[in-house]
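Residue numbers (this note's numbering): 41 to 296.
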């Protein structure tokens with residue numbers, strides 16, 4: 041993780057996860073083909089744009105996700121290191137020019153501790169740029185899930201439930217970043233609704249992404265399927281149906 045010509049540290053990419061499976065494609069073969077074309081194009085552009093001295097690091101708490109990262113980044117193995125670590129306790133001190141994260145930081149519940157960790161990972165002048173869930177992110181599904189968690193037959197299994205997410209707002213996030221030592225802090229939030237094409241796709245997305253933590257509390261498959269079916273049935277009556285009310289929190293800050 042060194043910028044060899046300039047003797048300074050590299051930009052780091054923070055990715056937190058627990059080996060979550062990706063949901064099936066909602067767009068079918070055409071959408072998949074478009075994504076493959078975009079991926080090949082973006083890979084070529086990245087190779088052209090990246091200077092030869094640039095080095096990067098990928099961080100995750102999941103060995104499964106890191107194995108996938110190694111496979112995906114194999115063509116760039118000499119320039120990208122992979123590290124098993126908690127983003128809220130990074131074993132990196134003043135080595136990164138930049139930290140970048142997308143769709144990840146809301147899985148770290150202690151944001152004050154997280155931002156202090158990222159601050160110490162950056163060199164003076166280093167930048168943090170991130171986007172994650174924030175504000176009222178997927179509040180509709182979460183509210184409905186909370187109601188189900190208090191009802192029979194699910195309630196006994198959620199007695200020790202703890203939310204695994206932190207969906208903070210702009211002002212709270214800005215204050216936490218400043219408290220960690222960051223300057224030039226800019227935070228904003230934007231709607232990013234995502235519509236699933238049908239009930240099957242909606243259920244699959246709940247099972248693999250949004251409600252996976254809930255399902256881990258339920259002891260058998262019949263309860264898990266019943267939980268998902270009730271949420272999917274409620275979403276069928278929404279206008280539009282099967283839409284997820286995503287909100288994205290944008291973060292930009294600098295270590296002085």
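Just so you know, even glycine gets a beta-carbon here, dropped at the ideal spot from N, CA and C.
Run through DSSP, which three-state label would residue 142 get?
-> strand
Taking C-alpha atoms, which residue in 275, 266, 212 lies nearest to residue 298? In the structure as shown, the chain begins at 41 and stops at 296. Residue 298 is therefore absent and cannot be evaluated.
I'd like to know whether the C-beta atoms of residue 129 and residue 166 end up nearer to each other than 8 angstroms.
no
Exercise. Only counting runs of 3 or more residues, tell me where the beta strand (DSSP E) segments fall wholly within the region 149-192, in order along the chain.
Key: 162-173
key: 3 or more residues per run - each beta strand (DSSP E) lying fully within the region 207-248   = 223-231
Short Cβ contact (8 angstroms threshold) for residue 109 with residue 122:
yes
- request: Classify residue 130 as helix, strand or coil using the three-state DSSP reduction.
  value: coil
TODO: Please list, in chain order, all residues of the same chain as residue 203 whose beta carbon is under 8 angstroms from its beta carbon, the five residues on each side excluded.
DONE: 149
Check: Got a sec? Which residues, its chain only, sit under 7 angstroms from residue 250 by beta carbon, not counting five neighbours each side?
Finding: 178, 181
Look at the Cβ atom of residue 286, then the Cβ atom of residue 173, and state whether they are nearer than 8 angstroms. yes
Compute the minimum distance between the beta carbon of residue 198 and the heavy atoms of the ligand ATP, and state whether it is under 7 angstroms. The ligand ATP is absent from the structure shown, which contains no ligands of any kind.
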